[in-house]
Every structure is written in structure tokens, then in C-alpha cells.
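In the numbering used here, the protein residues as written are 4 to 256. Backbone N, C-alpha and C define an ideal beta-carbon position, used for all residues, glycine too. Presented below is the structure to which this report refers.
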Amino acid sequence: METLFTGEPEKEPSFRHWKAEMYNKLEVNADHYKTERAKISYIFSRTTGTASDTIRPNVHDGPAAFQTAEEAFTLLTSVFDDPHFIQNKRQEFRRFYQNTTPFNSFYAKFIALATESELPRDQWFEEMWTRLSGGLRYGLAPVKDSLNSSFQDLTARARTLDRELQNDIKAAEKKKERANKLLKNTKPTVERTTSGQEQKKSLTAEERDSHRKEGRCFHCHQKGHMANACPTKAVTIANAELDSGSAEDLGKE
């Protein structure tokens, strides 16, 4: 769907982007917009709000009516074009770094800012290198010199390495998730008294024999562990440490 220009600074598209889109549309469809009146009408149809109000008096017949489409663009430019556009884009570019952004998204933004700030193409390689994440620079450092300052080669290598790093991160997250799930499923259930003290009930010989057959702990009477490994023997605060310690042990297996 074609974009409407509102004239409001905080809304996309910017005037320059919209103007470029209009020029392209009129050129590509020159056989459709053969007269200046047709071009003016189309330009007006792609404005709304403040922008539409600005050129409305000059669109209809009258002494102030536009004679050419270029007159419409000239008036809109005088009102809505940002004279500091390039300077602002250069400032934005100086603050722009990849950090944790996926490479493809970072690359698209880099191209846009480098173009809008009119950065010379022979500087794109070093500017890209400077703004890559630490992980990508570290991984690409051994081959940087062999790239011969080729921006295309750098971005191709960076895209491949970024994909590998993203896959490693996903694999690590899945492994951690499986470990946590296994820990949750194997962690013994421990009942506590309302006072929070360990249950210490003396067992009769008959009860001990029954516990042994059922796989119950002699200490807390729960299933899933023996008395020598009963978690209730530790202080209450050790429960949190049990989780982290068990997860680390599982990760080492």
C-alpha cells in the first residue's frame, strides 16, 4: 500500500523518503500520469493532515493553482524538508552499534544510515567493523586482513558467523531448559512441619522394614531418597543452593 505523508515530524515516512517515493511512482507510471494536472492530483492524493492542508489551496483551479507537479514539490519542500536531515543522520550513525542486535537487522540499519548520512563507500568497511558486536569482531579478527577491505566479504563472513553464534545460543538455552526440567522432575518432595523444623520421628522395626520396601527415607518418610541423602538434614537456606548445585552437576555430565 502506498504511503501517505502527514507532515508530522514524528510520523513515518519522513518527507525526503516520501518525496523520493513520489518521484519514482510518477516516473515508472509516466504513461498513466501524462499531464501535469494528473501528476498534481496524484501528489495531493498521497497527502493527509497538515501536508494536505498546505497544498489544498493550490490544487484547485484559481490564480494560485499549481501549473506543474514540480511546483507542488517545491512548496512542500519549503515547509516540510528538514535542513538538518543529513547532520542528524550523521549524529545518529555515530551512536549506532550492533550490540546484541541480530546481524541482518543491524546490517539493514547500517546501510540506511550510511546512505542517508552520505558516508563515502570507501569508509563502509572500517565503519562496519567498528560497529560490529564484540563477539563478531573476535571471531572475524583472524581473517580481517584477508578480506582486503571488501565490504561485501566482511558482511558475508559476519552474517555466517552470526548465524552460527545464534544457533549456539539457542542450543545452550535448550540444554539449560532440559537440565532444569530434569532437575525439577528428579528433585525429591520434602514435607515440613508448620514450625519449619525437621521431622524426626522414631521408627519401629516394622515401620523401618515397611519404609525400606517402599523406598522411603527413614528421616523424613518421603519417597525418592535414602536417609543419608535426605535434604531436610541441611539448613533451610540450603534449598536454593541445592537447585544451582544440581544444575551445575547436570551440565557437566
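Looking at the DSSP output, T50 shares a beta bridge with F8.
Short of 6 Å from the beta carbon of F96, and not among the five residues preceding or following it, lie these beta carbons of its own chain, in chain order: L116, S120. Within its own chain, the residues whose Cβ lies closer than 7 Å to the Cβ of F83, once the five positions on either side in sequence are excluded, are G10, F18, A54, listed in chain order. Taking a contact as a CB-CB distance under 8 Å, the pair A72 and E30 does not count as one, their CB atoms being some 11 Å apart. The stretch 97-107 makes contact with the stretch 130-138: 3 or more CB pairs, one atom from each, lie closer than 8 Å. Selection K37, F8, Q70, T189 evaluated against E24 yields F8 as nearest (Cα-Cα). A buried status is given to T158, since no fewer than 16 other beta-carbon atoms sit within 10 Å of its beta-carbon. In this structure, the CA atom of A68 is about 41 Å from the CA atom of P123. The C-beta distance from C220 to A230 rounds to 5 Å, short enough to fall under 8 Å.
When Cβ pairs closer than 8 Å are counted between the two stretches, the stretch 181-188 is seen not to touch the stretch 152-167, the count staying below three.
Pairing N91 with R162 gives a Cβ-Cβ distance that is not under 8 Å. Across the structure, F113 and W127 are spaced so that their CA atoms are roughly 9 Å apart. DSSP places E13 in the coil class of the three-state scheme, outside both helix and strand. The residue from S153, R49, L150, L164 with its alpha-carbon nearest to that of H20 is R49. Counting along the chain, no alpha helix (DSSP H) covers T71, and no H or E run does either.
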